[in-house]
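Working notes, structure below.
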Amino acid sequence: MALRGVLRLGEVSIRVLDMKAARQHYGTHMGLIETLVDEEGKVYYKCWDEHDHHCLVLREADSAGMDHFAFKVFDDQTLTELEGKLRAYGIEVEHIAAGVYPKSGRRLKFLLPTGHTMHLYAEKEQIGNTLGTRNPGVMPDEGVIRGFRINRIDHLLIGGDKIDENAKLFQEVFEFDMTERLEDVDTKASLSIFVSCSTKPHDIAFVVQPEPNRFHHVSFLLESVSDLVHAGDLIGKYRIPVEVNSNRHGITRGATIYFFDPSGNRNEVFTGGYVHYPDTPTLTWDTSELGAAAFSQDNTFRDSFFTVLT
Ligand SMILES: [Fe+2]
Numbered sequence: 001m002a003l004r005g006v007l008r009l010g011e012v013s014i015r016v017l018d019m020k021a022a023r024q025h026y027g028t029h030m031g032l033i034e035t036l037v038d039e040e041g042k043v044y045y046k047c048w049d050e051h052d053h054h055c056l057v058l059r060e061a062d063s064a065g066m067d068h069f070a071f072k073v074f075d076d077q078t079l080t081e082l083e084g085k086l087r088a089y090g091i092e093v094e095h096i097a098a099g100v101y102p103k104s105g106r107r108l109k110f111l112l113p114t115g116h117t118m119h120l121y122a123e124k125e126q127i128g129n130t131l132g133t134r135n136p137g138v139m140p141d142e143g144v145i146r147g148f149r150i151n152r153i154d155h156l157l158i159g160g161d162k163i164d165e166n167a168k169l170f171q172e173v174f175e176f177d178m179t180e181r182l183e184d185v186d187t188k189a190s191l192s193i194f195v196s197c198s199t200k201p202h203d204i205a206f207v208v209q210p211e212p213n214r215f216h217h218v219s220f221l222l223e224s225v226s227d228l229v230h231a232g233d234l235i236g237k238y239r240i241p242v243e244v245n246s247n248r249h250g251i252t253r254g255a256t257i258y259f260f261d262p263s264g265n266r267n268e269v270f271t272g273g274y275v276h277y278p279d280t281p282t283l284t285w286d287t288s289e290l291g292a293a294a295f296s297q298d299n300t301f302r303d304s305f306f307t308v309l310t
């Protein structure tokens, strides 16, 4: 598979209760690079090894949670084709002109069956990763990689009541593969579904919730497990609330830490996981092995994983 079509998660826009505390968390502690404060006071961040202008947007609000997320597609022609496919599938699509979202080309905006607002875009201003593109070397100058040593945004998990419909849309319209699925061992109902548009074990996942439009977490990619241990040390140093310390997921096989920003939004740092190809079979887990599916080093599920969302 040559990677075309929908490329990757490109942007997550989340609400925070206190911007000063949020900037300390995402900027000072996690080490994301602040690239813009817009006229509405929204703060934009990128990770060091991303070329695009930003991947995370913070907006101060009265409630935590997610405003929207956006996937980047290969080019403008892909965007046009996906609009046709979305409309044929029965999804209403709104046009957003270039520049309405800072540094961004035109976008398609629509609602998922789970009630989340999703965007697709093909263009975002590229500002590089400081290495350049000729003889770039392997690491930036001292001080560019800071805090948790985060390379890039990786994936997100969203919660809602119609996760099977989300999975169908992502598979049929966006050509994602279902990599893994967790089901109730008795009813066979889907509890969470993992889908990929790349060779990663997931680019987005869905967890069943009684309410629509819930945000579970945004995950950031680290280069190695030693970076995960380093991030864990900083999480302790800065007294960041931890939900699950260094562990490994059964699903995706990624090494992970879950923690919360000062507004209660869940974050993850993630590294590893297997390589997915389009002919890799879908893996099914059931609740008879719920602990191992979630956290394979202690085989213990955390109830908060299904109940604490923003
Ligand atoms: Fe995750």
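Using the UniProt record's numbering, read the sequence shown as starting at 1 and increasing by one per residue. In this text, a Cβ means the ideal position worked out from N, Cα and C, and glycines have one as well. Note that the coordinates shown come from a computational prediction; the quantities given were computed from them, not determined experimentally.
message = Please return the same chain residues whose Cβ sits closer than 6 Å to the Cβ of Thr-199, not counting the five positions on each side in sequence.
response = Val-275, His-276
query = Does the Cβ of Ser-219 lie closer than 7 Å to at least one heavy atom of ligand 1?
reply = yes
key: Nearest to Ile-150 (by Cα), restricted to the options Thr-284, Val-6, Thr-287, Ile-257   = Ile-257
key: Whole-angstrom distance between Ile-153 and Asp-303, CA atom to CA atom   = 26 Å
key: Run of the alpha helix (DSSP H) containing His-230, from where it starts to where it stops   = 225-237
request  = Could you pull the start and end residues of the beta strand (DSSP E) that Met-139 belongs to?
outcome  = Counting along the chain, Met-139 falls outside any beta strand (DSSP E), and DSSP gives it neither H nor E.
key: Own chain partners of Thr-307 with C-beta closer than 6 Å, once the 5 adjacent residues on each side are dropped   = none
Best match in Thr-80, Ile-163, Gly-84, Asp-76 for proximity to Ile-204 [C-alpha to C-alpha] = Ile-163
query = Which residue or residues does DSSP assign as beta-bridge partners of His-68?
reply = Ser-13
request  = Report back the beta-carbon spacing between Lys-72 and Arg-8 to the nearest angstrom; my notes put them in contact at under 8 Å.
outcome  = 6 Å
request  = Please confirm whether any heavy atom of ligand 1 lies closer than 7 Å to the CB of Leu-120.
outcome  = no
key: Continuous alpha helix (DSSP H) assignments of at least 4 residues falling wholly in the segment 154-231   = 163-172
message = According to DSSP, simplified to helix, strand and coil, what is Lys-103?
response = coil
Closest Cα partner of Lys-103 within the set His-51, Arg-87, Thr-80 = His-51
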